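For the sequence shown, the UniProt record's numbering assigns the number 1 to the initial residue and increments by one for each residue that follows.
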Amino acid sequence: MAKKDSLTEELKKHFGFDTFKGNQKAIIENVLSGNDTFVLMPTGGGKSLCYQLPSLLMEGTAIVISPLIALMKNQVDAMRNFSEEDGVAHFINSSLNKTAIDQVKEDITSGRTKLLYVAPESLTKEENVDFLRQCNISFYAVDEAHCISEWGHDFRPEYRRIRPIINEIGKRPLIALTATATPKVQHDIQKNLGMIDATVFKSSFNRTNLYYEIRPKNANVDREIIKYIKSQEGKSGIIYCLSRKKVEEFTDILKANGINALAYHAGMDSQQRTENQDAFLMEKVDVIVATIAFGMGIDKPDVRYVIHYDIPKSLEGYYQETGRAGRDGGEGQCIAFYAYKDLQKLEKFMQGKPVAEQEIGKQLLLETAAYAETSVCRRKVLLHYFGEEYLEDNCACCDNCLNPKKQVEAKELLTAV
Ligand code: ADP
Ligand code: MG
């Protein structure tokens, strides 16, 4: 057997993996060399390791900016599992009391902590900025970096304050990571983080194991979905609906039809939400009916189908949501129901919003509509949206490739709805 290089040995030593996935190795080398790094990699590609491993190999503490408390906790627990030192990774957020925060600070100051996860809200707090200014920081990682962009599917205004705060704490190399790869979002992130010159690592966004289908949405939609779920017995699936009300209604309908389903949306109390999410992850329930609040960072490998009851607000969101199917590389069916009148409804919802936001919203909707109405390979259209050229004529894994239909027929079908 060939002798392993030292980086691969470190990978094995700290994480137990034998090889790097995709371009992880080149990314990590770039971080270690002190350059700014921009990583575009689909969900499940292994982005976390791109900052976790360098943090262990470099002097000082890496600051990881991440949007969700639940995500941070998962990652910190995972890091501690790999390490003998509990203080190796910490997070600071609003859930910690004073004693816990003091412990975190002590671990950082003493050099035990290699990774510190913070939410942008905590990073901008004056007391934290003051503390971090005195620390030895190896680099900054901005995870889920698309939250910076209004063109992304999950814009968070506080993400726009990251760069100024970093300047205050002290400039160090930066790595930004996202599974969102539209050229607009990419440019926005790089500009806002002041990393136009960063080395960019972009993986292919083609999810070869996912099957894409659009079905016309008509009065039978409930029955059609129930029939589909029943044909998938014992498999896990997610049903996305646009409104909380619809989530509740449709969960009840599924239950009334003997389907083991639970609801998930941001209007539920957080304990109930966590319970339902865990029931899905632990396979106590087959189906989760949810708004888009469900799913970011959720690593359930064997979701076999994702159904969109309503057409999503952007192709970006659609890609992220369908991307939760087949993370283990196995089968994943992605079926979305589309009616032109749903688009009109979505447009109406936007009317109260600021004009600039409306313009962006409309543009995103138009792109989604074009995808839904096309007779071209869905995979080709989707990848084109991410600035990637798909060269095959027939992907053999979308409705348009399996059942080619003429443009005219597709249009007729839609206007008939
Ligand atoms: P992302 O953030 O890109 O969605 P994660 O960082 O959550 O992806 O990683 C996805 C999964 O891949 C995790 O379960 C992780 O442990 C695994 N993983 C990452 N790197 C490797 C590797 N080199 N070899 C095997 N598994 C890996
Ligand atoms: Mg991630």
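Every residue gets a Cβ at the ideal spot worked out from N, C-alpha and C, and that includes glycine.
As the structure is a computational prediction, the values presented were derived from the model and not from experiment.
Taking only three categories from DSSP, how would you classify residue i?
i: F131; result: helix
i: L391; result: coil
i: V327; result: Checking the sequence, you will find Arg at residue 327 rather than Val. Looking at R327 - three-state DSSP - the assignment turns out to be coil, as it is neither helix nor strand.
i: R156; result: coil
i: L210; result: strand
i: K202; result: strand
i: P42; result: coil
i: M1; result: Any answer about M1 is weak, because its pLDDT of 48 lies below 50 and its placement is not dependable; what the coordinates show is given next. In this structure, M1 counts as coil in the three-state DSSP scheme.
i: R215; result: strand
i: C401; result: helix
i: I162; result: helix
i: A176; result: strand
i: T37; result: strand
i: I169; result: helix
i: V64; result: strand
i: T8; result: helix
i: V376; result: coil
i: S48; result: coil
i: E59; result: coil
Got a sec? Which residues, its chain only, sit under 7 Å from residue i by beta carbon, not counting five neighbours each side?
i: V417; result: Note that V417 scores a pLDDT of 46, beneath 50, so its modelled location is shaky; the value from the coordinates is reported in the next line. Excluding sequence neighbours, V417 sits near P216, K217, N218, A339, Y340.
i: R273; result: Y264
i: N403; result: none
i: H14; result: L53, L56, F82
i: F155; result: C147, S149
i: R244; result: H265, G267, T291
i: D102; result: none
i: V76; result: A89, H90, F91, Y117
i: K12; result: D18
Taking 6 Å as the limit between beta carbons, can you name the residues of its chain near residue i, skipping five residues before and five after?
i: G34; result: P173
i: D278; result: none
i: H146; result: G152, T178, T180, V185
i: F201; result: N23, I27, V39
i: L315; result: E367, T368, Y371, Y385
i: K405; result: S375
i: M1; result: The pLDDT assigned to M1 is 48, lower than 50, so where the model puts this residue is not dependable, and the model offers no usable value.
i: A293; result: H265, A266
i: S175; result: It is worth fixing the name first, because residue 175 is Ile in this sequence and not Ser. Taken in chain order, the residues that qualify are V31, T37, Y51, A141.
i: C397; result: Y211
i: G387; result: P183
i: G329; result: N209
i: D86; result: R80
i: L242; result: D310
Between residue i and the rest of its own chain, which residues show a CB-CB distance below 8 Å, the 5 nearest in sequence each way excluded?
i: R324; result: T43, I238, G295, I298, K300, V303, V306
i: R163; result: N192, L193, G194
i: E10; result: L53, L56, L57
i: L262; result: T251, N276, A279, F280, V285, V287, I288, V289
i: I259; result: I226, I229, K230, D286, V287
i: K25; result: L7, T8
i: N136; result: E59, G60, T61, G111
i: G45; result: K21, G22, A179, S203
i: N400; result: T374, S375, V376, C377, R378
i: T199; result: N30, N35, D36, T37, F38
Hey, residue i and residue j are a contact pair by Cβ (cut 8 Å); roughly how many whole angstroms apart?
i: V118; j: I65; result: 6 Å
i: M41; j: S203; result: 5 Å
i: Y240; j: A290; result: 6 Å
i: G332; j: N209; result: 6 Å
i: F337; j: Y309; result: 6 Å
i: T61; j: L116; result: 5 Å
i: I253; j: D222; result: 6 Å
i: T99; j: D107; result: The pair is not a contact, with the Cβ atoms about 13 Å apart (cut-off 8 Å).
For residue i and chain B, any beta-carbon pair shorter than 9 Å?
i: R112; result: Judged by its chain identifiers, the structure shown contains no chain B, having just a single protein chain.
For the ligand ZN, any of its heavy atoms closer than 8 Å to the Cβ of residue i?
i: S6; result: Within the structure as shown, the ligand ZN is missing, the only ligands being the ligand ADP and the ligand MG.
*Can you list, in chain order, the stretches of the beta strand (DSSP E) that have 3 or more residues and sit fully within the UniProt domain "Helicase C-terminal" (220-372)?*
Complete beta strand (DSSP E) runs here, min 3: 236-240, 261-264, 287-290, 303-308, 332-338.
*Fully enclosed by the segment 68-156, which beta strand (DSSP E) runs are 3 residues long or longer?*
Runs found: 89-92, 115-118, 137-142.
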